[in-house]
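Asker: Structure provided below as structure tokens; questions to follow.
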Amino acid sequence: MQFSNYAGLPGMVIALGSLLGSCAAPEPNPVLQAADEKLNQLVAEINPLPSLSVALVHEGEVVFLNAYGFANLEDSVMATPETLYYLASVTKPFMATVAARLDQQGRIKLEALLSDYEPYASLDSAHLYAEVTVEDLLTHTSGLRNDALTFRESGSGEKNPEVFSYLLNQGTTVAEDGKEYDYDNLGYNLYSRILEAELGQTWQEVLQTQLLDPLALTQTSSSASAPSTQGMAEAIPYIPFPVDAPSPSPLRKRDNTMHSAGGMFASAHDLSKWLLANLEAGDLLDEALLPKVHTPRYPADSNTFHKIAADEIALGWRVGQYEGQRVLHHSGSFAGAYAHISLMPDQQAGVVVLTNEFFTGLKVGYPIEEQLYRYVLGLPAFDSTFDASIASLKKELAEMGAGLMAQREAIAARPFQLSQPLEAYEGTFTNDLYGTLKVTPEDGSLRFQMGNITTLATGYPHDDVVRVELTPLSGELIQFQLENDQPQRLRAKGVWFEKTSS
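According to the numbering used here, the residues represented by the sequence shown are 1 to 502, in order.
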């Protein structure tokens with residue numbers, strides 16, 4: 001059965017049975033009815049949470065599939081189970097499964113060294129990649145770092161084949177402590193280069209043919225422009241400011257920042273199908289492939305804020321325990337988006353939580369997941385204990401909101417301490433690794449632009465230093481260095497950018 005909340009009205013029951021078939025609707029489950037009512041109330045009462053989509057699969061069926069709130073506040077568009085949300089790093093389990101299938105097909109082997117494949121075999125810096133396997137990339141154990149590459153992939157979007165070649169040769173470093181677990185997007189970004197060089201296809205094309213088409217995931221896309229151009233409903237990303245009226249995020253995903261470590265949109269409906277495919281071996285994800293993806297391979301850092309820990313890493317999944325049950329899970333976050341999926345294989349259960357606001361989504365996502373698994377395990381769920389936790393959360397969010405407002409006001413009130421007129425700082429500054437940073441005077445401030453990213457600076461109590469938010473609500477400092485009273489370079493992202501034009 002399916003509890004549906006398309007119009008914000010709790011308790012509507014629609015027969016679903018399985019996404020692959022249908023059956024007569026059984027009597028409504030009182031626990032799931034309570035869940036529906038309480039989640040509807042949660043979204044109505046908690047700011048700044050525009051919408052929430054939730055699904056539970058159990059024993060081969062989708063037993064709970066709901067959407068609450070607004071996918072688009074400005075146009076009063078309600079969220080539905082078919083609304084697409086940005087998944088961010090929830091892309092990783094998909095791409096790891098693609099890698100397992102290609103390994104199974106003998107096309108790109110997981111145990112192979114990167115030096116066995118292009119483009120790494122022909123790089124001037126091939127020695128950096130000589131001891132790293134494909135599996136290392138997908139389990140965050142390569143020991144490699146390349147922050148400029150991951151920034152261009154996920155943030156600025158300034159990239160082309162020549163830039164990638166340069167970054168692979170000049171931007172990669174090897175960790176001093178070697179091949180230990182260190183979560184990063186880089187491994188998946190490096191894997192996508194192998195797909196292009198060896199298969200002649202983008203990672204999106206490989207994903208489509210290996211998984212999305214065979215599983216009929218028609219409400220899933222690896223294109224940022226597809227939802228609008230193909231008539232799909234998309235959840236607009238919001239940031240919690242001002243707190244009583246969330247505003248659209250100034251940083252949106254575009255096609256040039258949809259990357260293999262975080263480049264998918266999907267609906268709760270489609271993610272339910274994805275979880276079902278992971279819970280029961282079939283023709284596509286068969287009995288040989290699923291253990292290859294789901295079996296823990298290395299120890300990993302644990303999430304202290306999540307009752308379901310992440311003590312181990314599998315292929316694209318984190319692995320932990322809840323109430324003695326093994327749980328595979330992965331989250332994804334970006335400005336205005338939070339996504340979480342998980343599996344409890346021995347109970348044939350899985351959970352989806354999607355929101356279009358990160359900070360609040362993170363806070364509500366884990367308690368919802370926990371309650372749904374308590375229901376699966378026959379434990380008390382969505383009862384007075386849940387009510388108390390949500391009441392505590394509402395208080396915490398209100399305090400956080402007040403603190404955020406005060407912080408924003410204090411930041412906005414800081415005066416600039418620039419030694420020259422604003423016009424003197426105008427120009428284009430370049431770093432070979434990170435690309436270009438354009439500075440222009442605007443409304444008594446300075447606007448900074450790096451590819452897709454654009455933001456207005458605020459003052460900072462240090463000469464010729466300003467504060468910017470290249471990622472919304474995450475501040476960093478930019479320092480200008482002057483010669484003869486003229487800015488000649490600036491420091492951002494931990495490196496120097498030289499002025500190349502006025």
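All C-beta atoms in this analysis are idealised placements derived from N, C-alpha and C, irrespective of residue type, glycine included.
Just the C-alpha distance for L56 and V351, rounded to the nearest angstrom, thanks.
Answerer: Cα to Cα, L56 sits roughly 5 Å from V351.
Asker: At what residues does the beta strand (DSSP E) containing A349 begin and finish?
Answerer: A349 -> beta strand (DSSP E) spans A349 to T355.
Asker: So who's on the other strand from Q321, going by DSSP bridges?
Answerer: Answer is R326.
Asker: Hey, quick one: how far does the alpha helix (DSSP H) through E483 stretch, first residue to last?
Answerer: Run containing E483: none in the alpha helix (DSSP H); it sits in the beta strand (DSSP E), S474 to E483.
Asker: For the candidate residues P30, V43, T141 and A71, whose alpha-carbon lies nearest to that of L315?
Answerer: It is T141 whose Cα lies nearest to the Cα of L315.
Asker: Alpha carbon to alpha carbon, how far is F386 from E59? Give it in angstroms, no decimals.
Answerer: Taking the straight line from one Cα to the other gives about 25 Å.
Asker: Give the straight-line distance between the Cα atoms of A492 and E323, rounded to the nearest whole angstrom.
Answerer: Cα to Cα, the separation comes out at about 46 Å.
Asker: Which same chain residues, not among the five before or five after E423, have their C-beta less than 8 Å away from its C-beta?
Answerer: Excluding sequence neighbours, E423 sits near P441.
Asker: Since L65 and A268 should fall inside the 8 Å C-beta cutoff, what is the C-beta to C-beta distance between them, to a whole number of angstroms?
Answerer: L65 to A268, Cβ: 6 Å. Contact.
Asker: Can you grab the Cα-Cα spacing for the pair G401 / L52, in whole Å?
Answerer: Taking the straight line joining both Cα atoms gives about 19 Å.
Asker: Within its chain, find whatever has a CB closer than 6 Å to the CB of L362; leave out the 5 residues flanking it on each side and keep chain order.
Answerer: Correct list, in chain order: Y338.
Asker: According to DSSP, which residues form a beta bridge with V465?
Answerer: Note: V465 sits in a beta bridge opposite Q479.
Asker: When the Cα of L149 is compared with those of T133, E162, L138 and L168, which residue comes out closest?
Answerer: Minimum Cα distance to L149 is reached at L168.
Asker: To the nearest angstrom, how far is the alpha carbon of A266 from that of T83?
Answerer: Cα to Cα, the separation comes out at about 8 Å.
Asker: Assign K395 to one of two classes, buried (16 or more other C-beta atoms within 10 Å of its C-beta) or exposed (fewer than that).
Answerer: Result: exposed.
Asker: How would you label E312, buried or exposed, when you count the other beta carbons within 10 angstroms and need 16 or more for buried?
Answerer: Buried, because 16 or more other Cβ atoms sit within 10 Å of the Cβ of E312.
Asker: Tell me which same chain residues have a C-beta within less than 7 Å of the C-beta of N189, skipping the five on either side of it?
Answerer: Correct list, in chain order: L149, T150, E153, H259, S260 and A261.
Asker: Is it right to say L490 is buried, meaning 16 or more other beta carbons lie within 10 angstroms of its own, or is it exposed?
Answerer: Its Cβ being crowded by 16 or more others within 10 Å, L490 is buried.
Asker: With DSSP as the reference, please indicate the residues paired to H259 in a beta bridge.
Answerer: Its beta-bridge partners are G262.
Asker: Helix or strand or just coil, what does DSSP make of K395?
Answerer: DSSP places K395 in helix when its eight states are reduced to three.
Asker: Is the separation between the beta-carbon of V319 and that of M344 shorter than 8 Å?
Answerer: No, the pair does not count as a contact, with Cβ atoms beyond the cut-off.
Asker: For Q479 and E176, I'd like the C-alpha separation in whole angstroms.
Answerer: C-alpha separation (whole angstroms): 29 Å.
Asker: Assign Q219 to one of two classes, buried (16 or more other C-beta atoms within 10 Å of its C-beta) or exposed (fewer than that).
Answerer: It counts as buried.
Asker: Would you be able to state if there are at least three C-beta pairs under 8 Å between the stretch 101-109 and the stretch 172-186?
Answerer: With the cut-off at 8 Å, the stretch 172-186 and the stretch 101-109 do not touch.
Asker: Quick one: give me the first and last residue of the alpha helix (DSSP H) that Y375 is part of.
Answerer: Segment F358 to V376, the alpha helix (DSSP H) holding Y375.
Asker: I want to see whether chain B comes within less than 8 Å of N452, judged by CB atoms only; does it?
Answerer: Annotation note: the requested chain B is absent from the structure, which comprises a single protein chain.
Asker: May I ask which residues mark the beginning and end of the alpha helix (DSSP H) holding Q33?
Answerer: First-last of the alpha helix (DSSP H) with Q33: P30 to E45.
Asker: Helix, strand or coil for K499 per DSSP?
Answerer: Three-state result, K499: strand.
Asker: Let me know the secondary structure DSSP gives R489 once reduced to three states.
Answerer: Note: R489 maps to strand in three-state DSSP.
Asker: Could you check which residue in Y460, Y434 and T471 has the C-alpha nearest to that of V495?
Answerer: Nearest of Y460, Y434 and T471 to V495, Cα basis: Y434.
Asker: Please list, in chain order, all residues of the same chain as S389 whose beta carbon is under 6 Å from its beta carbon, the five residues on each side excluded.
Answerer: Around S389: P367.
Asker: Note the first and the last residue of the continuous beta strand (DSSP E) segment covering Y338.
Answerer: First-last of the beta strand (DSSP E) with Y338: A337 to M344.
Asker: Who does N278 pair with in a DSSP beta bridge?
Answerer: DSSP, once it has assigned bridges, lists no residue as partnering N278.
Asker: Does the Cβ of L195 have 16 or more other Cβ atoms within 10 Å, making it buried, or fewer, making it exposed?
Answerer: Its Cβ being crowded by 16 or more others within 10 Å, L195 is buried.
Asker: Just to confirm the assignment, what range does the beta strand (DSSP E) spanning A71 have?
Answerer: A71 -> beta strand (DSSP E) spans E61 to N72.
Asker: Nearest to K159 by alpha carbon, out of N256, Q204 and M232?
Answerer: Looking at the Cα atoms, N256 is the closest of the given residues.
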